[in-house]
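Contents: one structure, followed by commentary.
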Amino acid sequence: MSRQTEIEAMIGRVALGDRAAFGALYDATSAKLFGICLRVLNDRAEAEDALQEIFVKLWHNAGRYQVNGLSPMTWLITIARNHAIDRLRARRKAESRGGGDMDAVADLADAGPGPEALAVAASENQRIDRCMSELEPDRAAAVRGAYLTGESYADLAERHGVPLNTMRTWLRRSLMRLKECLTR
Amino acid sequence: MTGPGDQHEDDAVLAAEHVLGLLGGEELDRAERRLETDPDYRALYAAWAEDFVSLTQDMTPVTPPVRVRNAIDRRLFGARREGLLRRLGLWPALSAAALAAGTYLVVTNLDLLRPGPEAPPFGAEIAAEDRSLVVRVAFDPDAPEMLRVLRPSGAAAPGRALELWLIAGDAAPVSLGVLPEDREGRVAVPQDLQPLLSQAVLAISDEPAGGSPTGAPTGAVLGAGPVTRL
Chain E
27 MSRQTEIEAM
37 IGRVALGDRA
47 AFGALYDATS
57 AKLFGICLRV
67 LNDRAEAEDA
77 LQEIFVKLWH
87 NAGRYQVNGL
97 SPMTWLITIA
107 RNHAIDRLRA
117 RRKAESRGGG
127 DMDAVADLAD
137 AGPGPEALAV
147 AASENQRIDR
157 CMSELEPDRA
167 AAVRGAYLTG
177 ESYADLAERH
187 GVPLNTMRTW
197 LRRSLMRLKE
207 CLTR
Chain P
2 MTGPGDQHED
12 DAVLAAEHVL
22 GLLGGEELDR
32 AERRLETDPD
42 YRALYAAWAE
52 DFVSLTQDMT
62 PVTPPVRVRN
72 AIDRRLFGAR
82 REGLLRRLGL
92 WPALSAAALA
102 AGTYLVVTNL
112 DLLRPGPEAP
122 PFGAEIAAED
132 RSLVVRVAFD
142 PDAPEMLRVL
152 RPSGAAAPGR
162 ALELWLIAGD
172 AAPVSLGVLP
182 EDREGRVAVP
192 QDLQPLLSQA
202 VLAISDEPAG
212 GSPTGAPTGA
222 VLGAGPVTRL
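Just so you know, the sequences run in chain order E and P.
Take 27 as the starting number for the first sequence in the working numbering and just add one per residue.
Take 2 as the starting number for the second sequence in the working numbering and just add one per residue.
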């Protein structure tokens, strides 16, 4: 059985309330998902809380797997990434309300390897990396920023110092070019 | 001019924005609905999700601390001991009566298994109430492929065998094989069961020589005990 099929089988059994399968799924995937929480949140305690909530969610929602046609690891990573991003956005909001400490927000955005560094670190043979490298570096960075740190159009516009609508047009055009490259 | 190609292109961009989390409000609600009802849109969404997930490929996996796992178990399943009793209750062969009459859940005297300072820190005792059968199992959590088994008292009935079972969560018992005839021996643990071991319950049943012919316990359950830190 391939790892992919194994994980799929575990999710199927978790959907039926199989605790042993849930434990096995945790053993097989928690390190990867924790790595993602740590990278997105850049705070160990918060990443631990996020991971806890992610697995509680997985236990309750395993039956929804395959609703959106994702492969098992992609489904798990997407849930983890989305959850971590939601927490990060809530934190940003709380911090900007609490005295408008924009420096702290900027520090958060800068924490960890930046989008550019990640771009360099990414393996060359990945389709997405090849296609990202066909975009202008700042546009590729915007796409990565949206995916890896959950930046909204408004965040991206501010970071790149362009009006919101310009950002939107930029990014949409970049996504279209990305799609064109990915389906080539 | 809006042809079907443009529509597809618009949808492709929409699906990308959806995966990136750039949609909000009504736009997001509409996209969520399409995900459930529109197979073409779903395919676009899935393709983007797969592509963007590869951006996480370079994020190093980090083993989370054990407390996270414990907190999840507490939140979902309540206290550990309650969980154990429920798990046992779900194995019909091991009825409440059998549990009361036939087993000790108390781990005692496991010092016997400690040959030296690097003693295996995990194990279980599986014993009949009248101590006519006592089996102690221990293993090193860093090398769970081999269980050390001691049988200070008791033996299989003539022509019968003692079979060791692993019960993980609510799952059916999985055989770890027939216990060696010698009082001291080793039992190999298949690789896929090794990660389950430290949270499992071990049990012994009376089976025909060579072990259960069905893959599930067929004879009397002689004892059961949870794996704990020794």
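Just so you know, even glycine gets a beta-carbon here, dropped at the ideal spot from N, CA and C.
With H, G and I counted as helix, E and B as strand and the rest as coil, what does DSSP make of residue i?
{"i": "methionine 147 of chain P", "result": "strand"}
{"i": "aspartate 171 of chain P", "result": "coil"}
{"i": "proline 139 of chain E", "result": "In this prediction, proline 139 of chain E has a pLDDT of 43, which is less than 50 and means its spatial position is unreliable; what the coordinates show is noted afterwards. Of the three classes helix, strand and coil, the one that applies to proline 139 of chain E here is coil, per DSSP."}
{"i": "glutamate 164 of chain P", "result": "strand"}
{"i": "threonine 229 of chain P", "result": "strand"}
{"i": "glycine 178 of chain P", "result": "strand"}
{"i": "serine 199 of chain P", "result": "helix"}
{"i": "leucine 15 of chain P", "result": "helix"}
{"i": "serine 178 of chain E", "result": "coil"}
{"i": "leucine 91 of chain P", "result": "Confidence at leucine 91 of chain P is low in this model, with a pLDDT of 41, below 50, so the placement of that residue is unreliable and no value is reported for it."}
{"i": "serine 206 of chain P", "result": "strand"}
{"i": "glycine 224 of chain P", "result": "strand"}
{"i": "alanine 128 of chain P", "result": "strand"}
{"i": "glutamate 185 of chain P", "result": "strand"}
{"i": "arginine 210 of chain E", "result": "coil"}
{"i": "proline 40 of chain P", "result": "helix"}
{"i": "serine 154 of chain P", "result": "strand"}
{"i": "valine 63 of chain P", "result": "coil"}
{"i": "alanine 139 of chain P", "result": "strand"}
Near residue i, what residues of its chain come up, given a Cβ to Cβ distance below 8 Å and the 5 sequence neighbours on each side ignored?
{"i": "leucine 161 of chain E", "result": "Val169, Ser200, Arg203, Leu204"}
{"i": "aspartate 153 of chain E", "result": "The residue you asked about is not aspartate; residue 153 of chain E is arginine in the sequence shown. Cβ neighbours of arginine 153 of chain E beyond the five flanking positions: Leu208."}
{"i": "leucine 114 of chain E", "result": "Val66, Leu67, Leu134, Thr175, Gly176"}
{"i": "leucine 77 of chain P", "result": "none"}
{"i": "glutamate 146 of chain P", "result": "Ala189, Val190, Gln192, Gln195"}
{"i": "tyrosine 179 of chain E", "result": "Leu190, Met193, Arg194, Leu197"}
Spatial neighbours of residue i within its chain, please: CB distance less than 7 Å, with the 5 preceding and 5 following residues excluded, ordered by chain position.
{"i": "threonine 109 of chain P", "result": "Note on threonine 109 of chain P: pLDDT 35, under 50, position unreliable in the model; the coordinate value appears next. Cβ within range, chain order: Glu126."}
{"i": "threonine 219 of chain P", "result": "Glu208, Ser213"}
{"i": "serine 176 of chain P", "result": "Glu164, Trp166, Gly212, Ser213, Gly216"}
{"i": "alanine 172 of chain E", "result": "Leu182"}
{"i": "glutamate 34 of chain E", "result": "Pro98"}
{"i": "arginine 132 of chain P", "result": "Ser154"}
Beta-carbon within less than 6 Å of residue i's beta-carbon, same chain only, minus the 5 sequence neighbours each way: which residues are those?
{"i": "arginine 39 of chain E", "result": "Ala47"}
{"i": "leucine 174 of chain E", "result": "none"}
{"i": "arginine 70 of chain E", "result": "none"}
{"i": "leucine 197 of chain P", "result": "Ala169"}
{"i": "tryptophan 49 of chain P", "result": "Ala16, Ala17, Val20"}
Hey, residue i and residue j are a contact pair by Cβ (cut 8 Å); roughly how many whole angstroms apart?
{"i": "valine 228 of chain P", "j": "serine 206 of chain P", "result": "Wrong, their Cβ atoms sit about 17 Å apart, outside the cutoff."}
{"i": "serine 204 of chain P", "j": "alanine 162 of chain P", "result": "Note on residue identity: the sequence assigns alanine, not serine, to residue 204 of chain P. About 14 Å separates the two Cβ atoms, so there is no contact after all."}
{"i": "phenylalanine 60 of chain E", "j": "leucine 42 of chain E", "result": "That belief does not hold up - the Cβ atoms of phenylalanine 60 of chain E and leucine 42 of chain E are roughly 25 Å apart, past 8 Å."}
{"i": "alanine 47 of chain P", "j": "leucine 102 of chain E", "result": "About 14 Å; that fails the 8 Å criterion."}
{"i": "proline 159 of chain P", "j": "isoleucine 168 of chain P", "result": "The pair is not a contact, with the Cβ atoms about 28 Å apart (cut-off 8 Å)."}
{"i": "valine 202 of chain P", "j": "glycine 226 of chain P", "result": "7 Å"}
{"i": "glycine 224 of chain P", "j": "alanine 128 of chain P", "result": "5 Å"}
{"i": "isoleucine 62 of chain E", "j": "glycine 22 of chain P", "result": "The pair is not a contact, with the Cβ atoms about 14 Å apart (cut-off 8 Å)."}
{"i": "proline 122 of chain P", "j": "arginine 230 of chain P", "result": "6 Å"}
key: Contact residues within the stretch 106-126 of chain E, judged by C-beta distance below 8 Å to chain P   = Per Cβ criterion, the list reads Arg107, Asn108, Ile111.
key: Under 7 Å (Cβ pairs) to chain P, residues found in the stretch 52-86 of chain E   = Closer than 7 Å at the C-beta level to chain P, one finds these residues of the stretch 52-86 of chain E: Tyr52, Asp53, Ser56, Ala57, Lys58, Phe60, Gly61, Ile62, Leu64, Arg65, Glu74, Leu77, Gln78, Phe81, Val82, Trp85.
task = Can you give me, in chain order, the residues of the stretch 158-187 of chain E that have a beta carbon less than 8 Å from any beta carbon in chain P?
result = Within the stretch 158-187 of chain E, the qualifying residues are Val169, Arg170, Ala172, Tyr173, Leu174, Gly176, Ser178, Tyr179.
task = Would you check if there are 3 or more beta carbon pairs closer than 8 Å linking the stretch 75-82 of chain E to the stretch 34-43 of chain P?
result = These segments do not touch.
Inter-stretch contact (C-beta, 8 Å, three-pair minimum) for the stretch 43-54 of chain P and the stretch 96-108 of chain E = Result yes; three or more Cβ-Cβ pairs closer than 8 Å.
ask   = Of the residues that make up the stretch 165-183 of chain P, which ones have a beta carbon closer than 8 Å to any beta carbon in chain E?
value = Within the stretch 165-183 of chain P, the qualifying residues are Ala169, Gly170, Asp171, Ala172.
ask   = Between the stretch 142-161 of chain P and the stretch 178-187 of chain P, do at least 3 Cβ pairs fall closer than 8 Å?
value = The count of Cβ pairs closer than 8 Å, one atom from the stretch 142-161 of chain P and one from the stretch 178-187 of chain P, reaches three, so the stretches are in contact.
message = To be precise: take each residue of the stretch 54-77 of chain P, compare its Cβ to all Cβ atoms of chain E, and keep it if any distance is under 8 Å. Which residues remain?
response = For the stretch 54-77 of chain P, which is checked against every Cβ of chain E, the residues closer than 8 Å are Val54, Ser55, Leu56, Thr57, Gln58, Asp59, Met60, Thr61, Pro62, Val63, Thr64, Pro65, Pro66, Arg68, Val69, Arg70, Ala72, Ile73, Arg76, Leu77.
Chain E contacts from the stretch 183-209 of chain P (Cβ-Cβ distance under 9 Å) = Taking 9 Å as the Cβ-Cβ cut-off against chain E, the residues of the stretch 183-209 of chain P that qualify are Asp193, Pro196, Leu197, Gln200, Ala201.
ask   = If contact means a Cβ-Cβ distance below 8 Å, which residues of the stretch 37-51 of chain E contact chain P?
value = Interface annotation for the stretch 37-51 of chain E against chain P: Gly43, Asp44, Arg45, Ala46, Ala47, Phe48, Gly49, Ala50, criterion Cβ-Cβ distance under 8 Å.
key: Residues within the stretch 31-55 of chain P neighbouring chain E, beta-carbon criterion of under 9 Å   = If the cut-off is 9 Å between Cβ atoms, the stretch 31-55 of chain P has Leu36, Glu37, Pro40, Arg43, Ala44, Leu45, Tyr46, Ala47, Ala48, Trp49, Ala50, Glu51, Asp52, Phe53, Val54, Ser55 near chain E.
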